[in-house]
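Asks: Taken in order, these protein sequences are the chains called A and B. Take the first sequence: its position 209, counting from 1, is numbered 209 in UniProt numbering, and each next residue is one higher. Take the second sequence: its position 84, counting from 1, is numbered 84 in UniProt numbering, and each next residue is one higher.
2 protein chains.
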Amino acid sequence: MDRTTTTGNNPRRPDLSRDNLVDAAIGLIDRDGAGALSIRALADAVGVTPMALYNHFSSKRDLIAAVGERLIRSTQFDGGHGDWREQLRYCFGALRHLCLRHPGLPDLLKLDGVVPEAAYAPMDVTKKALQAQGMSELDSVRTFFLLTGYTLSQAAFQSHPTPALAPTEKVRRERISGRGHGPVDRRDPPPEWDFDASFSFGLGIILEGIEGRIRAR
Amino acid sequence: MDRTTTTGNNPRRPDLSRDNLVDAAIGLIDRDGAGALSIRALADAVGVTPMALYNHFSSKRDLIAAVGERLIRSTQFDGGHGDWREQLRYCFGALRHLCLRHPGLPDLLKLDGVVPEAAYAPMDVTKKALQAQGMSELDSVRTFFLLTGYTLSQAAFQSHPTPALAPTEKVRRERISGRGHGPVDRRDPPPEWDFDASFSFGLGIILEGIEGRIRAR
DNA sequence: GCTGTTATATATACAGTGTATATCTATTCG
DNA sequence: CGAATAGATATACACTGTATATATAACAGC
């Protein structure tokens, strides 16, 4: 069946489609985080019954993958104009800013271990930049994992300030652990922590290490 | 009340306690992953009613934090004998192996953004090693985040092979997306991927970058 | 021994979650 | 038009964490 046959502008049937649903889903996670994306919440948001979504996505995993696909595809990773260092800075800066603009994204993907196809665009950029410097394909891929792991972990760290304790939990904790250090929430960095500078510092170290490997070739 | 007043060896009341519960919880996540740790599953495992657990933990977050605390505390991070490089290799090697022995651990902690107090032991090791080389405290902490982010992301990548599609999901997907690339599961590395070598390679790059920073002081 | 207090385990219930199954309806095609 | 089909719905199930109220077991002091 032709995909564009969706009831024209008939208001009776809402115009569901993968695209519209992904739009709405992104709205949800941008507003209230990855946890806010539930089948029922999304159905409510588009004014439809939960099970209706299953005519467009085979599962929540499928939906999540589509969200990731869309967001990552909307980002350009190969815009660096200078040398390999600039290219990598651009590429992973773009990845980082994508994660910061959509703080729910890394959580969402990690939640179900989904890796959208598009997520490997930065890998291609990295391989191209480094192989041009004489690095082997294997080492280029390894370096890609290094850069990606670092970038995502930093973005996640920046995006999630300490989640507050639920009030009732706090009360019960006092009752229970008269002894024993209670659990500790994600410890915040000092409030004036400069995430940009911190990320840049770590990236600089990595780039310097890469340069050493390249020169040692 | 004295903590050791737990009914002696009376079999009527099972000997619940934070320690025993954490033991059982670790058993669950080691056997079936982070997702297998639910209040009800843990209660079943120790032969008790779900709500009984809430006399020992204020919430599931509390339980998770205790599990993390215990596992991390059981690990020694400062056993390196050589120079700062060896110390860091030892420290983050230990962190990595901890995560590999308990593949559910990173997921578990990330799940609720919990960071056990003990998780900052590696930070102390890193600060000590690097400040001894003249690095500032700020940069040492930044470097710690770099090393931790890399180590955890690599361990997570190694621990989670592609989750299989649920059978019904596969069927429905065929029905739906006659068009559109379906979602992609975590793409596996090639089957002969050498995780140890890959981790070592990335760590080497980081250490080389650090050395550059230290020398440039 | 008995009694009151405190610690712990239970029973029940609620609001969520993803999704299987069956049904109903609106649209399109022959 | 009638038949086929795509898509939305209604209901239900098994699961989650946990609030609330109740019951029971252990201990303190008499």
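The beta carbon of each residue, even a glycine, is placed where N, CA and C say it ideally should be. All values reported here derive from a predicted model rather than from experimental measurement.
#1: If you count every other CB in all the chains shown that lies within 10 Å of the CB of A:ASP194, and 16 or more means buried, which is it?
#2: Is A:ALA65 near A:PRO116, with beta carbons less than 8 Å apart?
#3: In this structure, how does DSSP classify A:VAL48 when only helix, strand and coil are distinguished?
#4: Determine, using beta-carbon pairs with one atom in the region 102-111 of chain A and one in the region 17-35 of chain A, whether at least three such pairs fall under 8 Å.
#5: Below 8 Å on the Cβ atoms is my contact criterion, and I expect B:GLY113 with A:HIS102 to pass it. Report the Cβ-Cβ distance as a whole number of Å.
#6: From B:ILE205 to A:GLY212, what distance separates their C-alpha atoms?
#7: Hey, does B:LYS110 have any beta-carbon neighbour from chain A nearer than 8 Å?
#8: Classify B:ASP139: buried if its beta carbon has 16 or more other beta carbons within 10 angstroms, exposed otherwise.
#9: Using only the alpha-carbon positions, how far apart do B:ALA118 and B:ARG70 sit?
#10: Would A:LEU28 and A:ALA43 qualify as a contact pair, given that the criterion is a beta-carbon distance under 8 Å?
#11: What's the call for A:GLN154, buried or exposed, on a 16-neighbour Cβ count within 10 Å?
#12: Between which two residues does the alpha helix (DSSP H) holding B:MET123 run?
#13: Rounded to whole angstroms, what is the Cα-Cα separation between A:GLN131 and A:GLY68?
#14: For chain B, is any of its Cβ atoms less than 8 Å away from the one on A:HIS160?
#15: Could you tell me the alpha carbon to alpha carbon distance between B:LEU21 and B:ASP83, rounded to whole angstroms?
#16: To the nearest angstrom, how far is it from the Cα of A:GLU86 to the Cα of A:ASP124?
#17: Between A:SER74, A:THR126 and A:LEU146, which has its C-alpha nearest A:GLU137's C-alpha?
#18: Hey, is A:GLU208's beta-carbon within less than 8 Å of any beta-carbon in chain B?
#19: Could you check whether the Cβ of B:MET139 sits closer than 8 Å to any Cβ belonging to chain A?
#20: Quick one: list the residues of chain B neighbouring A:PRO150, beta-carbon separation under 8 Å, in chain order.
#21: Answer yes or no: the CB of A:GLY82 versus the heavy atoms of the ligand MG, is any distance below 7 Å?
#22: Let me confirm a value: A:GLU208 is counted as buried when at least 16 other C-beta atoms fall within 10 Å, else exposed. Which label applies?
#23: Using a Cβ cut-off of 8 Å, pull out every chain A residue sitting near B:SER198, in sequence order please.
#24: By how many angstroms is the C-alpha of B:THR75 removed from the C-alpha of residue 251 of chain B?
#25: Alpha carbon to alpha carbon, what distance is there between B:TYR54 and A:ALA121?
#26: Go ahead and label B:MET135 buried or exposed: buried means 16 or more other beta carbons lie within 10 angstroms of its beta carbon, across all protein chains shown.
#27: Among B:LEU203, B:ALA216, B:ILE214 and B:ARG215, which one has its Cα closest to the Cα of B:LEU88?
#28: Could you round the C-beta distance between B:GLY80 and B:CYS91 to whole angstroms and report it? I think they count as a contact, below 8 Å.
#29: Give a yes or no on whether the minimum CB-CB distance between A:HIS81 and chain B is below 8 Å.
#30: Taking any Cβ of chain B, which residues in the UniProt domain "HTH tetR-type" (15-75) of chain A have a Cβ under 9 Å from it, in chain order?
#31: Taking a cut of 8 Å between CB atoms, which residues from the region 82-95 of chain B lie near chain A?
#32: Would B:ARG173 and A:SER58 qualify as a contact pair, given that the criterion is a beta-carbon distance under 8 Å?
#33: Please report how far the alpha carbon of A:ALA197 lies from the alpha carbon of B:ARG142, in whole angstroms.
#34: Using a Cβ-Cβ cut-off of 8 Å, state whether B:ARG213 counts as contacting chain A.
#35: In angstroms, rounded to a whole number, what distance separates the CA positions of B:SER38 and A:ARG217?
#36: Mind checking whether A:CYS99 and A:LEU152 have CB atoms under 8 Å apart?
Replies: Straight from the coordinates:
#1: Under this definition A:ASP194 is an exposed residue.
#2: yes
#3: coil
#4: The region 102-111 of chain A is in contact with the region 17-35 of chain A.
#5: In fact, because the Cβ distance is near 17 Å, the residues do not count as touching under 8 Å.
#6: 8 Å
#7: yes
#8: buried
#9: 8 Å
#10: no
#11: A residue is called buried when at least 16 other Cβ atoms come within 10 angstroms of its Cβ; A:GLN154 meets this threshold and is buried.
#12: Run containing B:MET123: 121-131, per the alpha helix (DSSP H) assignment.
#13: 28 Å
#14: yes
#15: 40 Å
#16: 15 Å
#17: A:THR126
#18: At a cut-off of 8 Å, the C-beta of A:GLU208 has a neighbouring C-beta in chain B.
#19: At residue 139 of chain B the sequence reads Asp, which differs from the Met that was named. Interface flag for B:ASP139 against chain A is set, since a Cβ pair is found closer than 8 Å.
#20: Contrary to the premise, residue 150 of chain A reads as Tyr rather than Pro in this sequence. The answer, in chain order, is LEU146, GLY149, TYR150 and SER153.
#21: For the ligand MG, the structure offers nothing, since it holds no ligand at all.
#22: buried
#23: Within 8 Å Cβ-Cβ: ARG142 and PHE145.
#24: The requested residue 251 of chain B is not part of the displayed model; chain B covers only 1 to 217.
#25: 46 Å
#26: buried
#27: The option with the nearest alpha carbon to B:LEU88 is B:LEU203.
#28: 7 Å
#29: no
#30: ARG18, TYR54, ASN55, HIS56, PHE57, SER58, SER59, ARG61, ASP62, LEU63, ILE64, ALA65, ALA66, GLY68 and GLU69
#31: none
#32: The beta carbons of B:ARG173 and A:SER58 sit closer together than 8 Å.
#33: Cα-Cα distance, rounded: 9 Å.
#34: Cβ-Cβ to chain A under 8 Å: yes for B:ARG213.
#35: A direct Cα-Cα distance of roughly 51 Å separates B:SER38 from A:ARG217.
#36: yes
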